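Notes follow the structure.
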Amino acid sequence: MSNEILFPIKKLPQFEDILNSIIDGFNDFSLSTKQLTIGISAKKGLNLLDKFIYIHDHQYDYFCWISFNFIEENLRDIDDIEYPYMVSVSTRGESNLKFSVLILYIISSSLNSRVIYDDAYLIQAKEPYPSSELKLFVERYIQDLYPIN
């Protein structure tokens, strides 16, 4: 069973936006990107609504995937009325969870997310919280994920 963390966004990004934000985010944390593969599911068209973006770190075998969903207005929380898309960052396993939180932080920051929905309390036992609160977790997780020898 996969674990997922969600966040709402106003505008659906392009694949290139996600690719560039991951590369920039890794560079901001002084992490190499040469071991990363970032790909998109094989379906026609460029719209991300019916696709997965897969991120794989080949050196340590970490992986996660990102998906995008349109949420009908009558199903959105009042605070999310102006945020028609929900992004899901998913993975399996504890080390992959830490990697997915790194990706979550990078993507949610670059897409100006209002809030993180971590309903399973995978990161912290707290109701929705701003993506900026992830930074402390990410800095600690990076030390676990990418030890300096």
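All residue numbers for the sequence shown refer to numbering that gives the first Met the number 0, where the first residue is 0 and numbers rise by one.
Beta carbons are placed, not taken as given, at the ideal position from N, Cα and C, and that holds for glycine.
In this text the structure is predicted, and so the values were computed from the model without any measurement.
Between the CA atoms of residue j and residue i - distance to the nearest angstrom
i           : j           : result
residue 23  : residue 72  : 32 Å
residue 64  : residue 42  : 16 Å
residue 150 : residue 113 : One cannot answer for residue 150 here, as it falls past the ends of the chain, which runs 0 to 148.
residue 82  : residue 67  : 12 Å
residue 52  : residue 84  : 15 Å
residue 2   : residue 90  : 5 Å
One or two residues paired with residue i in a DSSP bridge
i           : result
residue 106 : Answer by DSSP bridge pairing: none, since residue 106 is not bridged.
residue 65  : 52, 88
residue 164 : Because the chain here runs from 0 to 148, residue 164 falls outside it and cannot be looked at.
Beta-carbon proximity list for residue i, same chain, < 7 Å, skipping 5 on both sides
i          : result
residue 50 : 39, 40, 42
residue 80 : 72
Own chain, CB closer than 8 Å to residue i, minus 5 neighbours either side, in chain order
i          : result
residue 95 : 61, 62, 63
residue 30 : 141, 145
Extent of the continuous alpha helix (DSSP H) run through residue i
i           : result
residue 35  : Note, residue 35: premise wrong, no alpha helix (DSSP H); beta strand (DSSP E) at 35-39.
residue 134 : 133-144
residue 16  : 14-27
Enclosing beta strand (DSSP E) for residue i [first to last residue]
i         : result
residue 4 : 2-8
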